[in-house]
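Residue numbers (the numbering used here), protein chains in the order written: chain V, 1 to 260; chain P, 1001 to 1130.
Every residue gets a Cβ at the ideal spot worked out from N, C-alpha and C, and that includes glycine.
Step one of this worksheet: look at the structure below.
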Amino acid sequence: MIGLSLLAPCLLAPCLGLGLPLAAINWHSVLFLLFAVLACGFAVAVVLADNVVRMALYLVLSLGALAGLFFLAGADFVGAMQLMIYVGGTLVLLVFGVMLTAQAQFVSMKTAVGDRILATIVGAALLGVLLLAAFAVPEWRQPGAGIVPEPTATPLGLAMVGVRVDEPPLGAPEGRRAGYLLPFEIVSVHLLVVLVAAAYLARAKRRKTPRAIEVAASVEPPESVAEHAAIGRTAAAGGSQQDGTVVSGRSASVLVGGGS
Amino acid sequence: MMPLFGDGGLPLFGLLGGLFTQPVGVAHYLVVGAILFVSGVACMAVKRNALGVLMGIELVLNGANVNFVAFSSPYLAADGSRSLGLDGQAIAIFVIVLAAAEAAVALAITLNFYNNHATVDIDRADDLKG
């Protein structure tokens, strides 16, 4: 609230400075400007930040502002999905990933200066091409007709089960239009398979066959192996000899991975 | 020839000048989408943390989503031009769902990599290098 009350004069100041009467201001456009600046600013902040926790925070804010842009474009259902799935689901997943891997040396990883310069050049070139394309079509440059959009939850939901009740867009050919039943089913099964696969990939592994690097790492001077095996036995709390060997191989590989 | 510097000065400045009084058009949203897309590509290119690369992918997908929503909006379409209608929003929802699936699998792969190598530095993921 304090932020909003501070922001409103900042947004009003240019209008009044330009000599615009208050009634001439298009508040939809002002809100668009607010959300667009927030979304783009935080997106650039994601790139510029080195700390991965801050990057996650900026990404949350950027995608939240993007949901505001969706609402302003009349896509209320998509905006709500953006808030629920992205901000509420995907980013929580990402933040968990950040927390699970947040050792001190990985929280802030610097990029080489040469890489930064190269990325800036390539990014600026790509942005130039995209802006040229965005302004290439005269129809896109004109201000919108301002047709107030209808709520889209019911037409979208019915389209997902194959029934179209929405008005065809202006100038579209007449006739029956297809719904989205088959894509909906494909995406559902896809999501199910992918989540099962993700749970399979990320499961906690108790035993595993030692890989080549671990076999190589476990062939060490005997006292080192005995030491790792002792560590492994305390961790495994009296497991069999085979368990101890596997765990010692794993801890040795971790040491190799951390040291190389 | 160059639409960015075409008739009546820079359209970018023309867009910004009328922003307080005129309704926004499709091009405004395209600019936002372009900035998000480029930020995501730069993020994917420069970040050494695997999770940073994932965040770049999210930004790229959202940049594409902005364009889908902009082209589907009847509010933004100019007089006499047609919008995508509801199709664009349906595609945007599919993109969101697939992005969630992709994030889940990519995060699982990252955690697996972290368990095996004790690092999330993608420069160290060179086991398959010949």
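Helix, strand or coil, according to DSSP, for Asp115 (chain V) in the structure here? The residue you call residue 115 (chain V) lines up with position 115 of the first sequence. It is helical.
Got a sec: which bits of the segment 18–34 of chain V sit with their beta carbon under 9 Å from any beta carbon on chain P, in order along the chain? Leu18, Leu20, Ala24, Ile25, Asn26, His28, Ser29, Val30, Phe32, Leu33
Residue-chain proximity (Pro155 (chain V), chain P), Cβ-Cβ < 9 Å: Sequence index remark: in the first sequence, residue 155 (chain V) carries index 155 (1-based). Yes, because at least one Cβ of chain P sits closer than 9 Å to the Cβ of Pro155 (chain V).
With 9 Å as the threshold, decide whether the Cβ of Ala1092 (chain P) is near any Cβ in chain V. Position 92 of the second sequence, counted from the first residue, corresponds to residue 1092 (chain P). Yes, contact with chain V.
Cα-Cα separation, Phe32 (chain V) to Leu201 (chain V): Working through the first sequence from its first residue, we reach residue 32 (chain V) at position 32. Working through the first sequence from its first residue, we reach residue 201 (chain V) at position 201. Near 41 Å, if we compare the C-alpha coordinates of Leu201 (chain V) and Phe32 (chain V).
Any beta strand (DSSP E) of 3 or more consecutive residues that is wholly inside the segment 85–111 of chain V: none
One or two residues paired with Asn1049 (chain P) in a DSSP bridge: Residue 1049 (chain P) sits at position 49 when you count from the first residue of the second sequence. Partner(s): P:Asp1121.
Indicate the three-state DSSP secondary structure (helix, strand or coil) for Asn26 (chain V) in the structure shown. By 1-based counting over the first sequence, the position of residue 26 (chain V) is 26. DSSP places Asn26 (chain V) in coil when its eight states are reduced to three.
Verify whether the separation of the beta carbon atoms of Leu1036 (chain P) and Leu1059 (chain P) is less than 9 Å. One-based indexing of the second sequence puts residue 1036 (chain P) at position 36. One-based indexing of the second sequence puts residue 1059 (chain P) at position 59. Contact: yes.
Find the residues of chain V that neighbour Val1031 (chain P), judging by a C-beta separation of less than 7 Å, and give them in chain order. Taking the first residue of the second sequence as 1, we reach residue 1031 (chain P) at position 31. Correct list: Leu131, Ala134.
First and last residue of the alpha helix (DSSP H) that includes Ser62 (chain V)? Taking the first residue of the first sequence as position 1, residue 62 (chain V) is located at position 62. 52–72 is the span of the alpha helix (DSSP H), which, as asked, contains Ser62 (chain V).
Closer than 7 Å, Cβ to any Cβ of chain P: which residues of the segment 80–93 of chain V, in chain order? Met81, Gln82, Ile85, Tyr86, Gly89, Thr90, Leu93
Going by other Cβ atoms of all chains shown within 10 Å of its Cβ, with 16 needed for buried, is Lys110 (chain V) buried or exposed? Residue numbering aside, residue 110 (chain V) sits at position 110 when the first sequence is read from its first letter. Looking at its Cβ environment, which holds fewer than 16 other Cβ atoms inside 10 Å, Lys110 (chain V) is exposed.
is_contact[Leu182 (chain V), chain P] using C-beta, thresh 9 Å: Taking the first residue of the first sequence as position 1, residue 182 (chain V) is located at position 182. No - not a single Cβ of chain P is within 9 Å of the one on Leu182 (chain V).
Please list, in chain order, the chain V residues whose beta carbon lies closer than 9 Å to that of Ile1096 (chain P). By one-based count along the second sequence, residue 1096 (chain P) stands at place 96. Here the neighbours are Val78, Met81, Gln82, Ile85, Tyr86, Thr90.
Ser1083 (chain P), DSSP secondary structure in three states: For the purposes of this step, residue 1083 (chain P) is taken as the residue at position 83 of the second sequence. Ser1083 (chain P) falls in the coil class under three-state DSSP.
Given a threshold of 16 other Cβ atoms within 10 Å of its Cβ, counted over all protein chains shown, does Ser188 (chain V) qualify as buried or as exposed? By 1-based counting over the first sequence, the position of residue 188 (chain V) is 188. Exposed, by the Cβ-count rule.
Should the segment 1104–1116 of chain P be regarded as contacting the segment 1061–1074 of chain P, the criterion being three or more beta carbon pairs within less than 8 Å? no
Output, in chain order, the set of chain V residues within a Cβ distance shorter than 8 Å of Ala1125 (chain P). For the purposes of this step, residue 1125 (chain P) is taken as the residue at position 125 of the second sequence. Ordered by position in chain V, no residue passes the 8 Å Cβ test against Ala1125 (chain P), which lies about 11 Å from the chain.
Rounded to the nearest angstrom, what separates Val113 (chain V) and Thr120 (chain V) at their Cα positions? Indexing the first sequence from 1 puts residue 113 (chain V) at position 113. Indexing the first sequence from 1 puts residue 120 (chain V) at position 120. Spanning the two alpha carbons is a distance of roughly 11 Å.
Beta-carbon separation of Ala56 (chain V) and Leu83 (chain V) under 9 Å? Residue 56 (chain V) sits at position 56 when you count from the first residue of the first sequence. Residue 83 (chain V) sits at position 83 when you count from the first residue of the first sequence. No, the Cβ-Cβ distance between Ala56 (chain V) and Leu83 (chain V) is not below 9 Å.
Have a look at Leu48 (chain V) and Leu69 (chain V) and give me their C-alpha separation to the nearest angstrom. Residue numbering aside, residue 48 (chain V) sits at position 48 when the first sequence is read from its first letter. Residue numbering aside, residue 69 (chain V) sits at position 69 when the first sequence is read from its first letter. So the alpha carbons of these two residues sit roughly 23 Å apart.
Neighbouring residues, chain P, relative to Phe70 (chain V) (Cβ below 7 Å): As a working mapping, residue 70 (chain V) is identified with position 70 in the first sequence. Chain P residues near Phe70 (chain V): Val1069.
Could you compute how far the alpha carbon of Leu1019 (chain P) sits from the alpha carbon of Arg141 (chain V)? Within the second sequence, residue 1019 (chain P) is the residue found at index 19, counting from 1. Within the first sequence, residue 141 (chain V) is the residue found at index 141, counting from 1. For Leu1019 (chain P) and Arg141 (chain V), the distance between alpha carbons rounds to 12 Å.
Please state if the CB of Val1097 (chain P) and the CB of Ile25 (chain V) are separated by a distance shorter than 9 Å. As a first step, residue 25 (chain V) must be located in the first sequence, where it is residue number 25. As a first step, residue 1097 (chain P) must be located in the second sequence, where it is residue number 97. Going by C-beta atoms, Ile25 (chain V) is not nearer than 9 Å to Val1097 (chain P).
Quick one: which residues of the segment 140–151 of chain V get their C-beta closer than 8 Å to a C-beta of chain P? List them in chain order. Trp140, Arg141, Gln142, Pro143, Gly144, Ala145, Gly146, Ile147, Val148, Pro149
Three-state secondary structure (DSSP) of Ser1073 (chain P): As a first step, residue 1073 (chain P) must be located in the second sequence, where it is residue number 73. In the structure shown, Ser1073 (chain P) sits in coil (DSSP, three-state: anything other than H, G, I, E or B).
Let me confirm a value: Val161 (chain V) is counted as buried when at least 16 other C-beta atoms fall within 10 Å, else exposed. Which label applies? The sequence position of residue 161 (chain V) within the first sequence is 161, counting from 1. When all chains shown are included, Val161 (chain V) counts as exposed.
Comparing C-alpha positions only, which one of V:Phe42, V:Val98, V:Asp115 sits nearest to Ala1045 (chain P)? Translated into the one-based positions of the second sequence, residue 1045 (chain P) becomes position 45. Checking every option, the nearest Cα to that of Ala1045 (chain P) belongs to V:Asp115.
Using a Cβ-Cβ cutoff of less than 7 Å, which residues in the same chain neighbour Phe35 (chain V) once the five nearest sequence positions on both sides are dropped? As a first step, residue 35 (chain V) must be located in the first sequence, where it is residue number 35. Contacts found: Ala65, Gly68, Leu69, Leu72.
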